[in-house]
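Residue numbering for the sequence shown follows full-length UniProt numbering, beginning at 1 and increasing consecutively.
All C-beta atoms in this analysis are idealised placements derived from N, C-alpha and C, irrespective of residue type, glycine included.
A short write-up of the structure that comes next.
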Amino acid sequence: MIAQATQILEQALVDDHSFESFGDLLRLKEVVARLETRMAAGKSRRELEKAGASASEGYRIERRANNWWNPDVPVEHQDLILGALDKLSPSSERRTEIYQLAAAAALKSTPRQTHEYTKKLVRQENEELAQDPFEAYRQRRFSLGNQDEHGGCKFNGYAPAATAALFKALIDQAFRTDQATRDEDEDRRTITQREADAFEQVLRWASSDRRSHTGHCSLIVSVTEWDEFDWQVKFGTNVGLDLNLMDVDYLSGDKVIDYIQVHDHNGAVKALVTASRSANFHQRLSLFGRDGVCQHPGCNVPASRCDAHHVVPWSRGGPTSIDNLALLCPKHHRLIDDSWLEDHLEMELGRAVMVQADGTRKRNESPAAQQAGGWQVVYGHPTRIAFTLS
Ligand SMILES: [Zn+2]
């Protein structure tokens, strides 16, 4: 039906420009606005924009759909009244009353008069509320949203002046401290990224203060004994947010994570270790970061399918430490000769190199091996984050 009406109007654009229909056209606009408002009921602004509404249109339609509309109030007045009410303090209990006063006035006013009148009512109410010194405290709020597809969370809130001042003082101090250590010309962060980094610094200050004074654990990461190491793996935490490998490294390196809880295959807790001492976990994390894949030349088998091989065999006193461990896939692990007479691995400059029976030395230079943090550090690829633990 609406499609037909559109066709008829498109035809009118060609045939019928007579002024007689002008009043009808205005009524039509009114009907269209009411119809779009009803259709938009329960829809989000994003859905409206997807359907073709512009951002401001989407905002107005959604606002109309979510508010009472006196049937006698024309759409233009309705939008202006709701626009003025946007500014009303959320703590006001007179919203409905103000709407009704404005709606009654709209019947005999120009849109401009309606707008001015509603703005005046809103201003008076806000001024009244502003007399109350506790209003900002009553409005205080903070909420952290759910994790999105990247693992990040939005947050928003409202702080009374005292909280805001405290926050600003800390943020500004963090901001200045950070600026002082950087070369302004090299700093490619946007201003809002800098603010976000300052915010994070404030959280770290709070966290280090908490540790030295109370010693309570705040963040526990839960891993299973053989969690596969790739970037997609998410580790549960006691705060209900999932972290990936980079997050864990980022936080445990700075000792924000207090405990790493290791589970066996049945889910039972095998060990609860302080993050900085979780050697086994961190060794595997390091191997993943340094080697990325099997160290046999030409092999692309990822860390999650590899064994940690003792370069100097354990039976000959080789320690279970990072500088004596290298990743090997099961197939290539079997080819290694622990007597070192045939093909075997040796460590050279902290990374494994394959030594063949004739003495030829070869590193794995496969495409996957070149993605590893260790490779990136040695052969320098400045745009990638090198993921290694010290
Ligand atoms: Zn291999």
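Of the choices the options, whose alpha-carbon is the least far from that of residue i?
i, options, result
"Ala174", "Ala136, Asn156 and Asp197", "Asp197"
"Leu101", "Thr118, Ser92 and Asp86", "Thr118"
"residue 400", "Ile322, His309 and Gly317", "Past the edges of the chain, shown from 1 to 390, lies residue 400, and the structure says nothing about it."
"residue 391", "Arg138, Glu135 and Asn156", "Here the chain covers residues 1 to 390 and nothing more, so residue 391 does not appear."
"Val32", "Tyr59, Arg45 and Val75", "Val75"
"Pro297", "Ala368, Trp314 and Gly318", "Ala368"
"Asp251", "Asp337, Arg182 and Glu200", "Strictly speaking, residue 251 in this sequence is Leu, with Asp absent from that position. Selected option, being the one with the closest Cα: Glu200."
"Ser339", "Pro319, Phe167 and Trp314", "Trp314"
"Arg27", "Lys50, Val73 and Gln7", "Val73"
"Arg204", "Arg188, Leu170 and Phe235", "Leu170"
"Gly359", "Leu345, Glu125, Asp15 and Thr6", "Leu345"
"Pro71", "Ala104, Glu57, Asp178 and Arg182", "Ala104"
"Val202", "His309, Thr181, Gly23 and Asp172", "Asp172"
"Trp69", "Tyr59, Thr190 and Arg38", "Arg38"
"Gly236", "Gly151, Phe142, Gly42 and Gln4", "Gly151"
Among residues of its own chain, excluding the 5 on either side of residue i, which ones have a beta-carbon nearer than 7 Å to its beta-carbon?
i, result
"His77", "Ala106, Pro111 and Thr114"
"Arg138", "Ser91"
"Phe19", "none"
"Arg305", "Cys329"
Excluding the 5 residues flanking residue i on each side, which residues of the same chain have their C-beta closer than 8 Å to its C-beta?
i, result
"Arg95", "Leu85 and Leu88"
"Gln147", "Cys153, Leu241 and Asp242"
"Val122", "Ala84, Leu85, Lys87, Leu88 and Ile98"
"Leu325", "Gln283, Leu287, Ala308, His309, His310 and Val311"
"Asp178", "Arg194, Asp197, Ala198 and Gln201"
"Ser54", "none"
Thinking residue i and residue j are a contact (beta carbons under 8 Å), I'd like their distance in whole angstroms, please.
i, j, result
"Val311", "Met347", "5 Å"
"Ile61", "Glu36", "6 Å"
"Ala136", "Ala161", "6 Å"
"Leu82", "Arg64", "7 Å"
"Leu372", "Val293", "In the sequence as displayed, the identity of residue 372 is Ala instead of Leu. At roughly 7 Å, the Cβ-Cβ gap stays under 8 Å, so Ala372 and Val293 are in contact."
"Gln295", "Asn238", "Actually they are not in contact, since the Cβ atoms of Gln295 and Asn238 sit about 36 Å apart, beyond 8 Å."
"Leu335", "Asp343", "6 Å"
"Arg140", "Ala159", "6 Å"
Go through its chain and collect everything with a Cβ distance to residue i's Cβ below 6 Å, but skip five positions before and after it.
i, result
"Lys362", "Pro297 and Met354"
"Asn67", "Leu82"
Give a yes or no on whether 9 Å exceeds the smallest Cβ distance from residue i to chain C.
i, result
"Ala368", "No chain C appears in this structure, which consists of one protein chain only."
Compute every distance between the C-beta of residue i and the non-hydrogen atoms of ligand 2, then say whether any falls below 8 Å.
i, result
"His332", "You won't find ligand 2 in this model; what it holds is ligand 1."
Worksheet item: Do the stretch 293-304 and the stretch 329-340 meet, that is, are 3 or more Cβ pairs less than 8 Å apart?
Response: Yes: the two stretches touch, three or more of their Cβ pairs being nearer than 8 Å.
Practice prompt. Counting only runs of 4+ residues fully inside the stretch 74-146, write out the alpha helix (DSSP H) ranges in chain order.
Written response: 75-85, 95-106, 111-130 and 135-139
Worksheet entry | Continuous alpha helix (DSSP H) assignments of at least 4 residues falling wholly in the stretch 20-73 | 22-39, 45-50 and 55-65
Discussion item. For a minimum of 4 consecutive residues, which ranges assigned as the alpha helix (DSSP H) are wholly contained in the stretch 167-220?
Written reply: 191-213
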